[in-house]
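> Shown below is the structure under consideration.
Numbering (the working numbering), first residue to last: 5 to 283.
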């Protein structure tokens with residue numbers, strides 16, 4: 005009798021329809037999927053596929069609200085004023101965010117060629133303070149729309165490290181930006197920070213030895229790599245070398261490999277915080 009009941013319950017469990025979950029992604033070009041060679045939406049397509057492939061009891065759908073070039077304030081303006089985005093956020097089971105990259109890009113374009121270290125450090129500190137206010141406002145306004153669903157926030161990376169490893173200020177600025185985003189996220193309920201700086205910045209130079217060779221090669225070139233025009237070209241998405249995890253179109257945004265890295269890191273976080281995602 006007990007075995008029969010258990011068999012019925014098992015069959016009901018096996019035959020039940022998959023759980024429908026919705027992921028709403030909001031942010032800049034990393035959410036839009038710029039650099040995805042197949043134009044499918046970068047990590048938003050890949051995370052849906054990965055979740056559905058590995059969790060047959062789940063059917064994930066995604067809504068992509070990424071717009072290339074937007075700063076934190078511009079993203080937040082949509083969160084506050086876009087009725088379509090607000091409806092999607094309100095009904096989302098999971099929310100993902102990419103922000104901060106364009107804020108820092110504007111800052112770097114205005115400051116990276118300044119050789120006065122004291123002034124640079126002071127400007128970076130001021131930038132961190134203002135960025136903290138902007139990203140906190142973004143998280144707060146998302147939470148006003150959806151108070152309960154987990155939010156997963158990606159950090160940013162240094163797209164020019166492989167080309168200019170000796171320009172340490174850019175790496176410090178990226179790290180500072182990530183520190184702010186992470187610290188603000190930790191002050192909010194169920195907002196989780198996903199670091200992508202190291203794998204995407206280092207690219208194929210994954211070992212300490214290979215990165216040392218990269219720096220030695222840059223040093224051998226000398227001051228040519230510090231030329232303001234070259235750095236500005238890179239910040240505008242133009243380059244002559246290659247980070248194998250970034251798009252060959254602009255040498256700036258992730259390619260298929262880069263977006264897969266973001267997807268795997270996101271999936272790992274989902275499996276740690278959501279009971280319906282298989283670890």
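Using N, Cα and C, we set each Cβ at its ideal position, and we do this for glycine too.
(1) How should residue 255 be labelled, buried or exposed, when 16 other C-beta atoms within 10 angstroms of its C-beta is the threshold for buried?
(2) Measuring alpha carbon to alpha carbon, tell me which residue in 188, 261, 63 is nearest residue 136.
(3) Is residue 263 a contact residue of the ligand COA, with contact defined as CB to any heavy atom under 7 Å?
(4) In chain order, what are the residue ranges of uninterrupted alpha helix (DSSP H) at least 4 long that sit wholly in the stretch 31-111?
(5) Taking residue 196 as part of the beta strand (DSSP E), name the residues at either end of that continuous run.
(6) Look at the alpha carbon of residue 286 and the alpha carbon of residue 258, and state the distance between them as a whole number of angstroms.
(7) Cα separation between residue 228 and residue 263?
(8) Which partner residues does residue 26 have in the DSSP bridge list?
(9) Taking its Cβ as the centre, do 16 or more other Cβ atoms sit within 10 Å of residue 169, making it buried, or is it exposed?
(10) Distance, Cα to Cα, residue 14 vs residue 282?
(11) Once you ignore the five residues that flank residue 83 on each side, which residues in its own chain have a CB closer than 8 Å to its CB?
(12) Would you mind sorting residue 129 into buried or exposed? The rule is 16 or more other CB atoms within 10 Å of its CB.
(13) Whole beta strand (DSSP E) runs in the stretch 145-190 with 3 or more residues, listed along the chain?
(14) So, at 7 Å on beta carbons, what are the nonlocal neighbours of residue 267 in its own chain, with the 5 sequence-adjacent residues on each side left out?
(15) Can you tell me which of the three DSSP states residue 250 falls into?
(16) How about the stretch 64-81 and the stretch 150-170: do they share at least three Cβ pairs that are nearer than 8 Å?
(17) Give the straight-line distance between the Cα atoms of residue 160 and residue 62, rounded to the nearest whole angstrom.
For this structure:
(1) By the neighbour-count rule (16 or more Cβ atoms within 10 Å), residue 255 is buried.
(2) 188
(3) Judged by which ligands are present, the structure shown has none, so any question about the ligand COA falls away.
(4) DSSP runs (the alpha helix (DSSP H)) wholly in the stretch 31-111: 33-36, 47-58, 76-85, 87-94.
(5) Following the DSSP letters along the chain, one finds residue 196 inside the beta strand (DSSP E) bounded by residues 195-198.
(6) In this structure the chain extends from 5 to 283, so residue 286 is not present and cannot be described.
(7) Bear in mind that the predicted position of residue 228 carries a pLDDT of just 46, short of 50, making it too unreliable to give a figure here.
(8) 65
(9) buried
(10) Unreliable placement is indicated for residue 14, whose pLDDT of 43 sits below 50; the coordinate value is still reported in the next sentence. Distance between the alpha carbons of residue 14 and residue 282: 19 Å.
(11) 30, 89, 90, 93, 142, 145, 146, 149
(12) Using a 10 angstroms sphere on the CB of residue 129, the tally of other CB atoms stays under 16, which defines it as exposed.
(13) 155-158
(14) 47, 50, 51, 54
(15) strand
(16) no
(17) Straight across, the Cα-Cα distance linking residue 160 with residue 62 is about 29 Å.
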